[in-house]
Amino acid sequence: MGAADYVAIKDLAQYEGEVVEIRGWLYNRRSSGKIHFLLIRDGTGVVQAVAAANDVSTTAWEQLEQLTQESSLIIWGTVSRDERSPGGFEIHLQDVRVLQIADDYPLALKEHGVEFLLNTRHLWLRSPRQVALMRLRDRLMFELECFLRQDGFVRVDTPILTPNACEGTSTLFETDYFGETAYLTQSGQLYSEATAAALGKVYCFSPAFRAEKSKTRRHLIEFWMIEPEMAFYTYEDNLKLQEELMTQVVGNILEHCADELEEVGRDIKPLERVKAPFPRISYDEALEQLAREGLPLEWGDDLGAPHETAIADHFDRPVFVERFPAQTKAFYMEPDPNRPELVLAADLLAPEGYGEIIGGSERIHDYDLLRERIRQHELPESEFQWYLDLRRFGSVPHSGFGLGIERALTWVAGLDHVRESIPFPRLLNRIRP
RNA sequence: UCCACGGUAGCUCAAUGGCAGAGCGUCCGGCUGUUAACCGGAGGGUUGUAGGUUCGAGUCCUACCCGUGGAGCCA
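The first sequence maps to residues 95 to 527 in the numbering used here.
In structure tokens:
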């Protein structure tokens with residue numbers, strides 16, 4: 095029991111026949127003159143309360159008559175089982191205390207357009223579907239951290255404000271750092287390589303920012319990423335870890351969030367097939383396959399969204415695309431010893447066309463090679479001195495990966511756009527509310 | 001930045017170049033088992049903005065603004 099003596103709607107079944115107190119908001123009301131049916135939500139669920147004019151005081155009845163959608167209230171009544179009630183239980187109302195009569199609530203219980211819903215995101219979050227999504231998001235993050243901690247990882251956070259681009263590729267948000275230009279981070283990885291050399295197996299979990307003017311269903315300007323980094327892990331160790339992580343995390347979400355998945359209308363069969371090991375396809379094989387399917391690419395081109403979907407469609411579970419041309423990938427990735435023009439990197443593509451949810455690689459641990467790559471990419475060497483130091487003082491092979499929370503959730507929940515996967519999405523030209 | 005589509009009541013949408021409408025929400029009235037309740041009534045508009053064509057523009061033309069989907073980039 096919590097700090098106060100009231101009952102959560104999800105726990106009502108335990109109180110059949112008893113008088114309980116419920117605190118919440120009026121989700122909807124139906125009325126037949128001298129009997130009201132109130133649908134009350136409290137964040138844990140929705141319950142129907144029945145109020146008959148003959149059963150409550152005149153004062154209480156007058157208050158009930160004034161209730162508007164989303165008015166906040168406390169009710170007292172007896173819990174009973176009733177098949178006519180949504181959810182199977184209802185409350186026979188004895189008394190009510192209204193905290194606030196809500197103004198005209200803009201969100202009707204009806205379909206709305208995207209722009210209106212995003213403008214009203216602060217209220218949209220109250221709808222049952224959005225509540226289910228936020229619970230799924232919470233569970234996803236919880237399960238990811240659970241797995242890593244069980245496996246000996248330590249969470250070590252990395253800075254949001256950085257003096258330079260991590261990878262020197264995408265556009266970053268600039269800000270003023272007491273007269274010096276600073277940027278919002280696009281990844282904590284480079285710092286995690288430092289903390290991995292301090293603690294062994296670490297992860298950072300932080301927002302990341304991309305100032306790209308991306309305008310698709312897969313892109314957010316601000317998103318969350320969890321990035322494990324493991325000292326002594328080889329490329330193979332890294333992929334194996336990712337398989338085990340995804341298998342456990344998806345399995346536990348299926349076990350604990352069946353109601354939420356049903357609320358968002360997710361077909362769970364594809365999720366039930368998420369079992370290690372995952373199939374692998376090399377970049378070269380992928381290119382051959384794409385050419386046969388009428389999506390030809392030049393060797394060295396990066397895979398676009400349609401290519402990722404075409405590849406993933408051949409598999410019924412997540413698939414690794416691996417060993418990419420070095421030129422398409424970040425400067426810090428370890429070359430394939432058998433084919434130096436490739437790097438030991440793999441992207442994990444979700445099934446059903448959801449695209450890349452994990453990107454990982456073995457990192458270069460040789461000082462001279464890393465310095466050469468920094469020069470080739472025309473990155474400011476002075477800013478990377480500390481990063482090069484990691485290869486001067488006890489350098490070890492190490493690997494890691496980044497998992498985008500919103501993309502993973504979009505797939506797990508079967509959404510058609512990432513914007514519903516984060517409480518307050520930051521999109522191109524949208525920073526409010 | 002580029003390509004495509006769109007912008008009409010609080011919301012979702014109609015309206016051959018010819019009186020700007022419906023459903024839902026809101027307000028008023030009715031109803032003691034409702035299930036996005038139902039029935040009756042009322043209120044609600046600078047048709048994104050500015051200009052143009054026309055006897056007449058929500059509708060056609062031009063520019064701009066805003067939004068949506070996609071490309072590039074990526075998680």
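We put the beta carbon where it would ideally sit given N, CA and C, even for glycine.
Going by other Cβ atoms of all chains shown within 10 Å of its Cβ, with 16 needed for buried, is residue i buried or exposed?
i    : result
D441 : buried
W393 : exposed
D483 : exposed
Q157 : buried
H216 : exposed
W480 : exposed
F495 : buried
S455 : buried
H401 : buried
A608 : The question about residue 608 has no answer here: the residues shown for the chain are numbered 95 through 527.
F425 : buried
Y271 : exposed
G498 : buried
P519 : buried
P517 : exposed
Q280 : buried
V208 : exposed
R243 : exposed
D430 : buried
L528 : The chain is shown only over 95 to 527; residue 528 falls outside these bounds and no answer can be derived.
L443 : buried
L278 : buried
I129 : exposed
V343 : buried
G96  : With a pLDDT of only 47 at G96, under 50, the local geometry of the prediction cannot be trusted, and the value read off the model is given with reservation. That one is exposed.
Q283 : buried
R135 : buried
Whose C-alpha, out of the options, is nearest the C-alpha of residue i?
i    : options                : result
E528 : P257, S308, F372, K363 : With the chain represented from 95 up to 527, any question about residue 528 goes unanswered, as that position is not in the structure.
A291 : H492, H511, P527, P519 : H492
Q148 : L333, H186, P419, R215 : It should be pointed out that residue 148 corresponds to Asn in this sequence rather than to Gln. With distances taken between Cα atoms, N148 lies closest to H186.
S376 : R411, A404, R417, P390 : R417
A439 : Y329, E379, R117, V358 : Y329
I195 : F272, Y121, I254       : Y121
R457 : E379, Q160, Q383, E428 : E428
G181 : I103, G388, T265, T275 : I103
S476 : E306, P431, N258, P364 : N258
K423 : L443, L436, I169       : L436
V192 : E323, S165, A444       : S165
D410 : A325, V190, A146, G447 : G447
L161 : V190, R223, F487       : V190
V415 : Q421, V141, G449       : G449
D460 : H471, G453, R485, F478 : R485
E500 : V140, I116, L234       : L234
R124 : A107, A145, G118, E115 : A145
Go ahead and pull the three-state DSSP assignment for residue i.
i    : result
P519 : coil
L120 : strand
T422 : helix
I525 : coil
I103 : helix
R249 : strand
P434 : coil
V208 : helix
E514 : helix
A202 : coil
E110 : coil
L616 : No answer is possible for residue 616: the residues shown for the chain start at 95 and end at 527.
G96  : Because G96 carries a pLDDT of 47, less than 50, the predicted location of this residue cannot be relied on, and no value is offered for it.
R220 : coil
E237 : helix
E428 : coil
Any chance the region 299-306 sits against the region 316-327, with 3 or more Cβ pairs inside 8 Å? yes
Can you confirm whether the region 223-230 touches the region 345-363 when touching is taken to mean that 3 or more C-beta pairs between the two stretches lie within less than 8 Å? yes
Give the list of continuous beta strand (DSSP E) stretches no shorter than 3 residues that lie fully inside the region 436-473. 436-444, 449-457
Which whole runs of the alpha helix (DSSP H) in the region 337-413 are 4 residues long or more, in chain order? 352-357, 363-366, 377-386, 399-406
Contiguous beta strand (DSSP E) assignments of at least 3 residues, all confined to the region 145-195: 166-175, 183-194
Which ranges would you report for the alpha helix (DSSP H) in the region 256-331 if only whole runs of at least 4 residues count? Fully enclosed alpha helix (DSSP H) runs of 4 or longer: 283-293.
Between the region 510-524 and the region 304-313, do at least 3 Cβ pairs fall closer than 8 Å? yes
Check whether the region 166-184 touches the region 110-122, taking contact to mean three or more Cβ pairs, one atom from each stretch, closer than 8 Å. Enough Cβ pairs lie closer than 8 Å, so yes.
Is the region 240-250 touching the region 458-467 in the sense that three or more CB pairs, one from each, lie closer than 8 Å? no
Report the residue ranges of all beta strand (DSSP E) runs contained in full by the region 474-512; include only those spanning at least 3 residues, in chain order. 492-498
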